[in-house]
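Residues 3 to 83 in this note's numbering are what the sequence shown lists, from first letter to last. The C-beta atom is built at its ideal place from N, Cα and C for all residues, glycine as well. What you are looking at is a predicted structure, and each value in this text was computed from that prediction instead of being measured.
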Amino acid sequence: MKAVAIALSLALAASGAATSAGAVGCISGAVVGGVGAHYALHGKHTVAGAVVGCAAGHHMAVMAKRKKAEQKREAMAAHAH
């Protein structure tokens, strides 16, 4: 449990240091990655799981934002014609 608390503290510190755009998806990904690694690996590599989860969560959030922007552009282009 101590490792989970450390991972959460690191994730919160990283998100506080980053801009809001850079932190998108990071906190939720870090929590999921840290908890998943903690339980799957019996307490080992919790922090690494949080770091990887942060990166994956951020990537997924950016991709979702791009997809939403593309759909908005397509809707605007279809409406213009």
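Presumed contact (8 Å Cβ cut-off) between residue i and residue j, rounded CB distance
| i | j | result |
| --- | --- | --- |
| residue 30 | residue 59 | 5 Å |
| residue 57 | residue 47 | The Cβ separation is near 15 Å, so there is no contact. |
Alpha-carbon to alpha-carbon, residue j and residue i
| i | j | result |
| --- | --- | --- |
| residue 62 | residue 44 | 27 Å |
| residue 82 | residue 26 | 32 Å |
| residue 35 | residue 71 | 27 Å |
| residue 54 | residue 69 | 23 Å |
| residue 79 | residue 41 | 48 Å |
| residue 49 | residue 33 | 10 Å |
Under the three-state DSSP convention, the category residue i falls into
| i | result |
| --- | --- |
| residue 44 | coil |
| residue 27 | coil |
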